[in-house]
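Take a look at the structure set out below.
Chains as they are written, first to last, in my numbering: chain A, 8 to 337; chain B, 8 to 337.
This is the structure:
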């Protein structure tokens, strides 16, 4: 099934079930008002939501309404936890190679993850607001999964069973704030503002055979200002699958129901497939030509992130955002 | 007024108003079921909660019930955002001096803050579970404030007006996991598990004259296994007040209603007042004697954190926790 949230209805929006073709929806107040409520009681809600989904896909819901992507909030307009990995090592290798640094051996066996902000996710058509182009505005196309309650100390095998939903995320990054912030030693805060989620999150069965061993095995496509930017395969070069990432995050604490776990920027060793963020394209330019040619994003630039199944149908809908200047009101 | 949450009532507990003496309480379902609901609609809920508080303190609530600290969850059993500062520079200076490192000049003008986990806060009497004593189990006694909605880009003056509640936090730290985790460059994840909050959060007026210029000016007292451990004054040596910390965190994004902002471990230049964490006492021992004498916490060790007003009354109630061994169930 495919789940989304309308902006209408309050800070957590209104949970809706969306049909497979992303054309119609029904609300489900008799099951759960919000997606957080549903994931809080997933074993009870999931079968009931699934029955609604089946009826909707079979054309059996006369009350179905037409889907307007602009009316959608993020499926989780706010969440309690977002831990983001950096599981595609080609991304890490390129960034380091460009500045002549080695990738530590441990990076191949110990996942790199960080605590990200979860308090507000942008909707799939919301602008990315930034105060200045000098901050180095960038996107990062990633896959994300959502867990139910994960006990502290789970191993990867057990963690796999806690993945309930899959989606896409645009992990907005302010590149020019990163060096100084990371130099302080405590990770990202100002340099990683709010991220955007795909229009819908889906249960793993919606990805069919493309979801195997806690890896989503399809190209993740992105466009910048209408031009194809990259299409690395999310099933290639993922050093740590989502089960490993979950186990890493849960080593010293449980994960709450509705925790989002990100893959990190999808990247392949094969450079011909392009990148999933501007920083990486710029790094490839530095490696090839000594300096970057592609600028970071400007106000008015647009971005699109989408994943298609083997038949060319959009699984999650597209994230489509425009960068806008943020001004503090007087 | 003083607000708390009963464990009973679901994942977010049940909001209660507690009397000034921390002896009795009433639930307020007619106003808000949970503290998150109240802070989401603070301008409407706060005056109504305050009226209940005044009646309770005046002895005018015949339905008041006796307070049992063990029945309390954290006031926010789960929250959407926790950003923790490191505003007491003596703490930073000592930790660095012990290993012969300088404190960068920028640390005196640019707050050091990190994204912390907010998805689950321990109640004031909950155990701290850890898998191994080898992880270097430590506490950190801090002051924390809670904001309503903070717009992106606020300055410190404006930020001050968004502080709605004050409390204490035990920022549990696994010291022996920190060096390797910080060396990876992306901040704390496994080394900072769930934190505990004080029994109640209070509006700033409850602190009287001790709350001035977004700083809480009273000693923060801690005990280890029943022995007085430290009592540094939270009003001394706080390099950045809470308004500055909020403005720092909100530079590139809004803060959601119910965001917790931590002060960092309270520490004074005056070493005679002791410390608010074991790491710092160990650092003072290293500086004085070349090596630490005090071990980190063992299973069974107990901890108490409390702040008294000028008349000796507990403002927030005490955080009292015991460290317990965590075992993964087969």
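Glycine included, C-beta positions come from ideal geometry on N, C-alpha and C.
Being a predicted model, the structure only gives us computed values, none of them experimental.
What residues are listed by DSSP as bridge partners for residue i?
i, result
"residue 148 of chain A", "A:177"
"residue 267 of chain B", "B:89 and B:153"
"residue 41 of chain A", "DSSP lists no partner for residue 41 of chain A."
"residue 135 of chain B", "B:330"
"residue 234 of chain A", "A:231"
"residue 313 of chain B", "B:228"
"residue 122 of chain B", "B:90"
"residue 80 of chain B", "B:12"
"residue 223 of chain A", "A:218"
"residue 21 of chain B", "B:13"
"residue 32 of chain B", "B:25 and B:72"
Beta-carbon of residue i versus every beta-carbon of chain B: anything under 8 Å?
i, result
"residue 191 of chain A", "yes"
"residue 333 of chain A", "yes"
"residue 197 of chain A", "yes"
"residue 181 of chain A", "yes"
"residue 210 of chain A", "no"
"residue 58 of chain A", "no"
"residue 154 of chain A", "no"
"residue 53 of chain A", "no"
"residue 104 of chain A", "no"
"residue 94 of chain A", "no"
"residue 138 of chain A", "yes"
For residue i, count the other beta carbons within 10 Å of its own beta carbon; 16 or more makes it buried, fewer makes it exposed. Which is it?
i, result
"residue 276 of chain B", "exposed"
"residue 371 of chain A", "This structure gives no information on residue 371 of chain A, because the portion of chain A shown stretches from 8 to 337."
"residue 115 of chain B", "exposed"
"residue 84 of chain B", "buried"
"residue 234 of chain B", "exposed"
"residue 200 of chain A", "buried"
"residue 54 of chain A", "exposed"
"residue 162 of chain A", "exposed"
"residue 239 of chain A", "buried"
"residue 112 of chain A", "exposed"
"residue 37 of chain B", "exposed"
"residue 279 of chain A", "exposed"
Report all residues from its chain with a CB closer than 6 Å to the CB of residue i; omit the five preceding and five following residues, and keep chain order.
i, result
"residue 9 of chain A", "25, 207 and 209"
"residue 89 of chain B", "123, 125 and 267"
"residue 142 of chain A", "181, 183 and 184"
"residue 198 of chain A", "181, 184, 185 and 188"
"residue 140 of chain A", "305"
Near residue i, which residues of its chain fall below 8 Å by C-beta distance, leaving aside the five closest residues on each side in sequence?
i, result
"residue 316 of chain B", "214, 215, 217, 225 and 322"
"residue 203 of chain A", "81, 128, 129, 130, 131, 133, 135, 176, 177, 179, 326 and 328"
"residue 159 of chain A", "257, 258, 259, 260 and 261"
Can you tell me whether residue i sits near the ligand MN, meaning its C-beta is under 7 Å from at least one heavy atom of the ligand?
i, result
"residue 202 of chain B", "This structure lacks the ligand MN, and indeed carries no ligand of any kind."
Can you list, in chain order, the residues of its chain whose CB lies under 7 Å from that of residue i, leaving out five sequence neighbours each side?
i, result
"residue 170 of chain A", "152, 154, 211, 221 and 249"
"residue 91 of chain B", "120, 121, 123, 178, 269 and 271"
"residue 255 of chain A", "118 and 120"
"residue 98 of chain A", "271, 272, 274 and 287"
"residue 138 of chain A", "333"
"residue 74 of chain B", "25, 29, 30, 31 and 32"
"residue 243 of chain B", "275"
"residue 43 of chain A", "19, 83 and 265"
"residue 13 of chain A", "20, 21, 23, 78, 79 and 80"
"residue 223 of chain B", "150, 173, 214, 217, 241 and 242"
Under a CB-based cut-off of 8 Å, is residue i close to chain A?
i, result
"residue 122 of chain B", "yes"
"residue 159 of chain B", "yes"
"residue 88 of chain B", "yes"
"residue 201 of chain B", "yes"
"residue 256 of chain B", "yes"
"residue 101 of chain B", "no"
"residue 47 of chain B", "yes"
"residue 260 of chain B", "yes"
"residue 251 of chain B", "no"
"residue 263 of chain B", "yes"
Whose Cβ in chain C lies nearer than 9 Å to the Cβ of residue i?
i, result
"residue 194 of chain A", "In the structure shown, chain C does not exist; the protein chains are A and B."
Problem - chain B contacts from the stretch 108-136 of chain A (Cβ-Cβ distance under 9 Å) - result: 111, 113, 114, 117, 119, 120, 121, 122, 123, 124, 125, 126, 127 and 136
Practice task
Could you list the residues in the stretch 13-43 of chain A with a C-beta less than 7 Å from some C-beta on chain B, going in chain order?
Solution key: 18
Handout entry: Cβ-based contacts, 9 Å cut-off: residues of the stretch 269-291 of chain A near chain B
Key = none
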